[in-house]
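Enquirer: Before I ask anything, let me first share the structure, which is written out below as structure tokens.
Protein chains: 2
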Amino acid sequence: MFVGKRPHGGGANLAQDEINALLVERARRGLTVVRLKGGDPFVFGRGAEECEALHAAGVPFRVVPGVTSAIAVPAAAGIPVTHRRLASAFAVVTGHECDGVSNLDWQSLARVPTLVVLMGLSALPEITARLLEHGADPDTPAAAIASGTLPDQRVVVATLATLAERVAEEGLEAPVTVVIGEVVQVRELLGAEPVGLTHPVQGLVSQP
Amino acid sequence: MFVGKRPHGGGANLAQDEINALLVERARRGLTVVRLKGGDPFVFGRGAEECEALHAAGVPFRVVPGVTSAIAVPAAAGIPVTHRRLASAFAVVTGHECDGVSNLDWQSLARVPTLVVLMGLSALPEITARLLEHGADPDTPAAAIASGTLPDQRVVVATLATLAERVAEEGLEAPVTVVIGEVVQVRELLGAEPVGLTHPVQGLVSQP
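Here the protein sequences line up with chains A and B, keeping their order. Number 1317 marks the last residue of the first sequence (the working numbering); no jumps. Number 1317 marks the last residue of the second sequence (the working numbering); no jumps.
Written as structure tokens, this is what we have:
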């Protein structure tokens, strides 16, 4: 039963509380329920809320951690989120939640060596503007990866100052993962095309 | 061939440049080489350096992203790194690298909703002191997880102000993953023992 978001536009088929209620209801019927998610259930996946609902209802459950797109999608584009010379910390945020962008502490995020923004397409102009306002270097390398790890993966490499404009020019479509930081340079060291819009890095990352 | 760190004490058997050279040398012999790592190769795994060495030597390679302990170990202790009500961003650092702790921007890290510190045991007193110096709330919930996901997993739950002392009292042994942030409270909502030293959350997270 599909309860998630449709690939192109349209919101969730079911609201989160409806999903929670459905999980409880099916489990109480005696069914074994698998709630399958893309990525990791505890990285902006609302998995914790589903666990809370199950626990409150007395339904036993297990959580299986996954490979998060926050790390795997940059990797598929030749970008490691950490690097001994370039980044000894990384942070992950989401650009998607309604009030998420405005509530985040951009002053702190502007100073983290690597910043990964999940679902970052629609809020990208606002995100890059806020980082620049808070003192991030406009020349910081930055990349936007659409359809990461898939055959139609597209990567735009630019700088923090130019990324939003370049992404709009290239017409990238959601889902887009954004990486901001010196680690974006590693693409070149790994033999990916150094700048501009590229196809997936052939042979660099195995397909799922 | 084991090239990594021994579980109890002792450094790497081989230095990183020796590992890089070994990968290249074996590949040039015509062998298909698998470099197997725990967690994700691009999260403090020095995977990017190995890829750079391979690319520089003209050796083709693939990278397979993994399940990072930065997310899976907190999950195994009942702690989601993000939560819609409690944390809309998380950051990951390592306490292990020689100069890592002193080079990090603790003022920024003190303001990220969830901070995960990998290999955080030996530097824990310094890390918590720096976060407190930079204005982090001493009552912030904090947890240290030893041997995460394994049968002998042990979890100490305390506050930012008391964690280092509690961990020392309980004699936790490396590897230890530290989580600092309001998300630590979710342990209780998920039915884990609310405070103090606990055994693994039975049934919460499947064993690998």
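The C-beta atom is built at its ideal place from N, Cα and C for all residues, glycine as well.
Taking A1232/A as the reference, which of G1113/A, A1165/A and T1286/A has the closest Cα?
Expert: The residue given as residue 1232/A occupies position 123 in the first sequence. Among G1113/A, A1165/A and T1286/A, the Cα nearest to that of A1232/A belongs to T1286/A.
Enquirer: Is the region 1189-1206 of chain A close to the region 1154-1165 of chain B, with three or more CB pairs under 8 angstroms?
Expert: The region 1189-1206 of chain A is in contact with the region 1154-1165 of chain B.
Enquirer: Which value, in whole angstroms, describes the spacing of the CA atoms of T1141/B and W1215/B?
Expert: Position 32 of the second sequence, counting from 1, holds the residue named residue 1141/B. Position 106 of the second sequence, counting from 1, holds the residue named residue 1215/B. Rounded to whole angstroms, T1141/B to W1215/B spans 42 angstroms at the Cα level.
Enquirer: Measuring straight from C-alpha to C-alpha, what distance separates E1278/B and R1296/B?
Expert: Stepping through the second sequence from its first residue, residue 1278/B is reached at position 169. Stepping through the second sequence from its first residue, residue 1296/B is reached at position 187. About 21 angstroms.
Enquirer: Indicate the three-state DSSP secondary structure (helix, strand or coil) for I1319/A in the structure shown.
Expert: Outside the modelled stretch of chain A, which goes from 1110 to 1317, sits residue 1319/A, for which no answer is possible.
Enquirer: The beta strand (DSSP E) that contains T1319/A, what's its start and end?
Expert: This structure leaves residue 1319/A out entirely; chain A is present only between 1110 and 1317.
Enquirer: Judging by CA-CA distance, which residue of L1224/B, G1187/B and G1244/B is the nearest neighbour of I1289/B?
Expert: As a position in the second sequence, residue 1289/B is number 180, starting the count at 1. Answer by Cα proximity: L1224/B.
Enquirer: In terms of DSSP beta bridges, what is T1268/A paired with?
Expert: Within the first sequence, the letter at position 159 stands for residue 1268/A. BP columns for T1268/A point to P1250/A.
Enquirer: CB V1266/A to CB P1250/A, shorter than 9 angstroms?
Expert: Along the first sequence, one-based indexing puts residue 1266/A at 157. Along the first sequence, one-based indexing puts residue 1250/A at 141. Yes. Within cutoff.
Enquirer: Use the C-beta contact count for F1111/A: other C-beta atoms within 10 angstroms, 16 or more gives buried, fewer gives exposed.
Expert: As a first step, residue 1111/A is located in the first sequence; it is residue number 2 there, counting from the start. Exposed, by the Cβ-count rule.
Enquirer: Can you list, in chain order, the residues of its chain whose CB lies under 8 angstroms from that of V1172/B, leaving out five sequence neighbours each side?
Expert: If you number the second sequence from 1, residue 1172/B lands on position 63. Around V1172/B: P1150, F1151, G1156 and C1160.
Enquirer: In chain order, what residues of the same chain lie with their CB nearer than 6 angstroms to the CB of A1270/B, ignoring the 5 residues before and after it?
Expert: Here residue 1270/B refers to the residue found at position 161 of the second sequence. P1247, listed in sequence order.
Enquirer: Just checking: is the beta-carbon of G1175/A within a distance shorter than 9 angstroms of some beta-carbon in chain B?
Expert: Here the question's residue 1175/A lines up with position 66 in the first sequence. Interface residue, yes.
Enquirer: Anyone know if the C-beta pair for I1128/B and R1144/B falls short of 9 angstroms?
Expert: Taking the second sequence and counting its residues from 1, the one referred to as residue 1128/B is at position 19. Taking the second sequence and counting its residues from 1, the one referred to as residue 1144/B is at position 35. Contact: yes.
Enquirer: Kindly indicate the opening and closing residues of the beta strand (DSSP E) around A1200/B.
Expert: Within the second sequence, residue 1200/B is the residue found at index 91, counting from 1. Segment A1198 to T1203, the beta strand (DSSP E) holding A1200/B.
Enquirer: Under 7 angstroms Cβ to Cβ from A1245/A, same chain only, skipping five residues before and after it: list those, please.
Expert: What you label residue 1245/A is simply residue 136 of the first sequence in a count that begins at 1. For A1245/A, where only same-chain residues beyond five positions count, the Cβ hits under 7 angstroms are A1219 and L1269.
Enquirer: Buried or exposed for A1198/B, please, with buried defined as at least 16 other CB atoms from any protein chain shown within 10 angstroms of its CB.
Expert: The sequence position of residue 1198/B within the second sequence is 89, counting from 1. Result: buried.
Enquirer: Find out if the Cβ-Cβ distance for the pair A1136/B, A1181/B is shorter than 9 angstroms.
Expert: Within the second sequence, numbered from 1, the residue matching residue 1136/B stands at position 27. Within the second sequence, numbered from 1, the residue matching residue 1181/B stands at position 72. No, Cβ-Cβ distance for A1136/B and A1181/B is not below 9 angstroms.
Enquirer: What in chain B is Cβ-close to D1192/A, meaning under 9 angstroms?
Expert: In the first sequence, the residue the question calls residue 1192/A occupies position 83. Note on residue identity: the sequence assigns His, not Asp, to residue 1192/A. Per Cβ cutoff of 9 angstroms: F1151, R1155, A1157 and E1158.
Enquirer: Should E1161/A be flagged as near chain B, meaning a C-beta pair shorter than 9 angstroms?
Expert: As a working mapping, residue 1161/A is identified with position 52 in the first sequence. Yes, because at least one Cβ of chain B sits closer than 9 angstroms to the Cβ of E1161/A.
Enquirer: Within its chain, find whatever has a CB closer than 6 angstroms to the CB of A1273/B; leave out the 5 residues flanking it on each side and keep chain order.
Expert: Within the second sequence, the letter at position 164 stands for residue 1273/B. Only L1233, P1234 and T1237 meet the Cβ criterion.
Enquirer: Put V1285/A into one of helix, strand or coil per three-state DSSP.
Expert: Walking along the first sequence from the start, residue 1285/A turns up at place 176. In this structure, V1285/A counts as strand in the three-state DSSP scheme.
Enquirer: Which bits of chain B does S1231/A rub up against, with CB to CB less than 9 angstroms?
Expert: Taking the first residue of the first sequence as 1, we reach residue 1231/A at position 122. Per Cβ cutoff of 9 angstroms: no residues; S1231/A is ~16 angstroms from chain B at best.
Enquirer: What do you get for A1162/B, buried or exposed, if any count of 16 or more other CB atoms within 10 angstroms of its CB means buried?
Expert: The residue given as residue 1162/B occupies position 53 in the second sequence. So A1162/B ends up on the buried side.
Enquirer: Who does V1112/B pair with in a DSSP beta bridge?
Expert: Start at 1 with the first residue of the second sequence, and residue 1112/B comes out as number 3. Answer is none; V1112/B lacks a bridge partner.
Enquirer: Go ahead and pull the three-state DSSP assignment for A1181/A.
Expert: Here residue 1181/A corresponds to residue number 72 of the first sequence, with the count starting at 1. Here A1181/A sits in helix by DSSP.
Enquirer: I want to verify the contact list: residues of chain A whose CB lies under 9 angstroms from the CB of T1203/B, in sequence order.
Expert: On the second sequence, position 94 is the one that residue 1203/B refers to. The answer, in chain order, is T1191, S1197 and A1198.
Enquirer: Give the single residue among G1154/B, L1131/B, Q1125/B and T1258/B whose Cα lies nearest to the Cα of A1184/B.
Expert: On the second sequence, residue 1184/B is found 75 positions in, with the first residue counted as 1. The shortest C-alpha separation from A1184/B is found at T1258/B.
Enquirer: Quick check on G1300/B - is its C-beta less than 9 angstroms from some C-beta in chain A?
Expert: Here residue 1300/B is taken as the residue at index 191 of the second sequence, counted from 1. With 9 angstroms as the cut-off, G1300/B counts as an interface residue toward chain A.
Enquirer: Can you tell me the Cα-Cα spacing of D1261/B and V1276/B, whole angstroms?
Expert: In the second sequence, residue 1261/B corresponds to position 152, counting from 1. In the second sequence, residue 1276/B corresponds to position 167, counting from 1. Near 16 angstroms, if we compare the C-alpha coordinates of V1276/B and D1261/B.
Enquirer: Can you pull the chain A residues whose beta carbon is under 7 angstroms from the beta carbon of H1164/B, in chain order?
Expert: Taking the second sequence and counting its residues from 1, the one referred to as residue 1164/B is at position 55. Ordered by position in chain A, the residues that pass the 7 angstroms Cβ test against H1164/B are L1298, L1299 and G1300.
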